[in-house]
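Here is the structure we will look at.
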Amino acid sequence: MGAVVYVAPAAAEMRKADEEIVTLFVGPEQVDCVGVAPQQCYQVRYAPDEDYQYFYSSIQGFTYTPGYEYELLVQKTPVANPPADGSSIRWTLVDVVMMTPVAVTSASPSRAEVCAVVTTMPDAGDTDALLTLLGTDREGVITDLEAMSANMQQYNDEGYGWQNVMDNPYSPAPQPGPWLIGALRLACEG
88 MGAVVYVAPA AAEMRKADEE IVTLFVGPEQ VDCVGVAPQQ CYQVRYAPDE
138 DYQYFYSSIQ GFTYTPGYEY ELLVQKTPVA NPPADGSSIR WTLVDVVMMT
188 PVAVTSASPS RAEVCAVVTT MPDAGDTDAL LTLLGTDREG VITDLEAMSA
238 NMQQYNDEGY GWQNVMDNPY SPAPQPGPWL IGALRLACEG
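Here it is, written out as structure tokens:
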């Protein structure tokens, strides 16, 4: 009597026509972003020479570790009748092609990190924790916040308060003092 052998079709043949395998490059840190609600997004690109863009979805089967750049093969599957606040694509990990450690050097702390320190600090408190968080050698932090603090609420009303505090290119480092805490608190309210 002969043996019966079952040969499963290749995985590629089993995929539906509307499914696709793509390469995603995932950056070494997640960033604050707002989709339906505030969340942490992956930074992804589809080619190594492209700029990163926010990725608002999750990747099923993928365990993310900060401080590593990833090259992933993922399956894109259209979702039939997705919820209004959900993705129209389901992303599923096929393979981790490469996981490379990188030194993460954030250009600036997140708004949430600064606001968490600022809102718990006494008005005339020690600003060392804040200066450590901001990084006194980091470019882009205003030194003349005292002059701006009176106008900070107007900047917040216009939606620019946080940028004016954190992203002014004309000054290399913050100066300590209670006014710095007050100005940053106003920016955190905006």
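Numbering of the sequence shown is given in the working numbering, commencing with residue 88 and proceeding in unit increments. Ideal Cβ placement from N, Cα and C applies to all residues, glycine included.
Throw me the rounded Cβ distance for the residue i and residue j pair, which I believe falls under 8 Å.
{"i": "residue 141", "j": "residue 183", "result": "Between residue 183 and residue 141 the Cβ distance is about 21 Å, and since that is not below 8 Å, they are no contact."}
{"i": "residue 153", "j": "residue 117", "result": "7 Å"}
{"i": "residue 132", "j": "residue 139", "result": "5 Å"}
Measuring CA to CA, which of the options is closest to residue i?
{"i": "residue 179", "options": "190, 169, 134 and 149", "result": "149"}
{"i": "residue 203", "options": "275, 127 and 189", "result": "275"}
{"i": "residue 135", "options": "127, 111, 146 and 147", "result": "111"}
{"i": "residue 188", "options": "170, 151 and 175", "result": "151"}
{"i": "residue 172", "options": "125, 119, 113 and 147", "result": "125"}
{"i": "residue 137", "options": "146, 174, 175 and 114", "result": "114"}
{"i": "residue 176", "options": "190, 159 and 147", "result": "147"}
{"i": "residue 174", "options": "119, 105, 123 and 106", "result": "123"}
Mark residue i as exposed unless 16 or more other C-beta atoms lie within 10 angstroms of its C-beta, in which case mark it buried.
{"i": "residue 257", "result": "Low confidence applies to residue 257: its pLDDT is 40, below 50, so where it sits in the model is not reliable, and the reading given next is rough at best. The residue in question, residue 257, is exposed, as its Cβ has fewer than 16 Cβ neighbours within 10 Å."}
{"i": "residue 109", "result": "exposed"}
{"i": "residue 162", "result": "buried"}
{"i": "residue 185", "result": "exposed"}
{"i": "residue 159", "result": "buried"}
Please state the DSSP three-state secondary structure of residue i.
{"i": "residue 107", "result": "strand"}
Answer yes or no: does any C-beta atom of chain B fall closer than 9 Å to that of residue i?
{"i": "residue 145", "result": "Protein chain content of the structure displayed is limited to a single chain, and chain B is not contained in it."}
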